[in-house]
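K.L.:
Handing you this structure, nothing more for now.
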Amino acid sequence: MKYLERPPESHRLKPYVVCVWTLQRTYSGADDCEVLWPDGYKDLIFHHGRVFRVGGELLPPSFVMGTLSGCCRLDAEGELVLYGIRLYPWGLYAISGQPGQRFNDRFMPLAEFIKDRWAGQAGETDRRLAELEELEHDLASAGMDDAQRRLEAFLEDWIDPAWEDRALFGVIDRLYHRPAEYGVADAARDAGLSLRQFERRCVRMTGIPPKRLHKIARFNQVRIRLLLRPDLDLHDLMLEAGYYDYSHFSKDFRQCLGATPVEFRDWARRLAEDNGPEDVEFLQDSREHAG
């Protein structure tokens, strides 16, 4: 397996894109699969070679993956190469103008997304679909440098200024990336909105209520720490997450991620045993955020 993340190079995309990533892996079938964990992010994914199946159904060559409500298994057999663009929780709204909840728990074909995005503009829709077809073809033989350049150029002019709300995006960014010190009431105050107004705006932009986004953010930080260091003590992580009762911590962890802390730690250990540090390169938390 080879997995690599890179920060976006386009300044236009930096407020909305977490990273451009690639995964190259050969699957043996049976229980050899990918597990996706709910983290609040959205992804545009392109894959070739063998393709993934979800619940036995083949996924299209390119698709949009919205926010997941629980862990999801992707099955494959044979060699598969993926390229993706990971978006912040508000990023899909910024490129589509559509309510975030429309994409929750969906793997929408990117061609369908384009038709919706440019509905009523036949000429523009046809041009974008032709660009998509060309991109899918070119990525099949592209290296990471070329793939990143092509993917960012493809997405860059999708952002419509009419859908940009940098101030509110920044507030949601702080809520997501600083959950231990910044809560929903703080975010509503800084946005100049009532709690109810902020909830409606957050759901529209991210697809999920701010309280759930905040909780997902807390447990995603625990998830990432365990992914990088599966030997960490779960009790210490519980305290860092602001919990003092393990059963409460485990229940909320499972509610957010679809697995208990022990189950996730054991999965992370197996992943670490099967793949060395030369095979996996994650972005670190030092990257800049919109807020």
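Just so we're aligned, residue 1 is where the sequence shown starts under our numbering, counting upward by one. Using N, Cα and C, we set each Cβ at its ideal position, and we do this for glycine too.
Mapping DSSP to helix, strand and coil, what is Phe52?
P.N.:
Phe52: coil per DSSP, three-state reduction.
K.L.:
Is the beta carbon of Ala217 less than 7 angstroms from the beta carbon of Tyr176?
P.N.:
Yes, these two residues count as a Cβ contact at 7 angstroms.
K.L.:
Pop quiz: Gly66 and Asn104 are said to be a contact at Cβ under 8 angstroms. What is the actual Cβ separation, rounded to whole angstroms?
P.N.:
Right, the Cβ-Cβ distance comes to about 5 angstroms (below 8 angstroms), so this counts as a contact.
K.L.:
Can Met205 be considered in contact with the ligand FMN, in the sense that its beta carbon sits closer than 6 angstroms to one or more heavy atoms?
P.N.:
Absence of the ligand FMN is noted for the structure shown, with no ligands found whatsoever.
K.L.:
Which residue's Cα is closest to the Cα of Tyr16: Arg53, Val81, Leu87?
P.N.:
Minimum Cα distance to Tyr16 is reached at Leu87.
K.L.:
Let me know the secondary structure DSSP gives His137 once reduced to three states.
P.N.:
Helix.
K.L.:
From Ile208, Met238, Ala268, pick the residue whose C-alpha is nearest to that of Asp231; which is it?
P.N.:
Among Ile208, Met238, Ala268, the Cα nearest to that of Asp231 belongs to Ala268.
K.L.:
I want to know whether the segment 23-32 touches the segment 124-140 - three or more CB-CB distances under 8 angstroms.
P.N.:
No contact exists between the segment 23-32 and the segment 124-140.
K.L.:
Below 8 angstroms on the Cβ atoms is my contact criterion, and I expect Pro89 with Gly40 to pass it. Report the Cβ-Cβ distance as a whole number of Å.
P.N.:
That belief holds up - the Cβ atoms of Pro89 and Gly40 are roughly 5 angstroms apart, short of 8 angstroms.
K.L.:
Which of helix, strand or coil does DSSP assign to His47?
P.N.:
Three-state result, His47: strand.
K.L.:
Buried or exposed: Arg212, going by 16 or more other Cβ atoms within 10 Å of its Cβ?
P.N.:
It counts as buried.
K.L.:
Considering just the uninterrupted stretch of the alpha helix (DSSP H) at Ile216, what are its terminal residues?
P.N.:
From DSSP, the alpha helix (DSSP H) with Ile216 extends over 210-228.
K.L.:
Hey, would you say Trp163 sits closer than 7 angstroms to Ala272, going by beta carbons?
P.N.:
Result no, Cβ atoms of Trp163 and Ala272 do not sit closer than 7 angstroms.
K.L.:
With a floor of 3 residues, list each beta strand (DSSP E) that falls wholly inside the segment 12-91, ordered by position along the chain.
P.N.:
Listed in chain order, the complete beta strand (DSSP E) runs (minimum 3 residues) inside the segment 12-91 are 17-36, 42-49, 62-65, 72-87.
K.L.:
What is the rounded straight-line gap between the Cα of Gly70 and the Cα of Leu257?
P.N.:
In a straight line, the C-alpha of Gly70 is about 6 angstroms away from that of Leu257.
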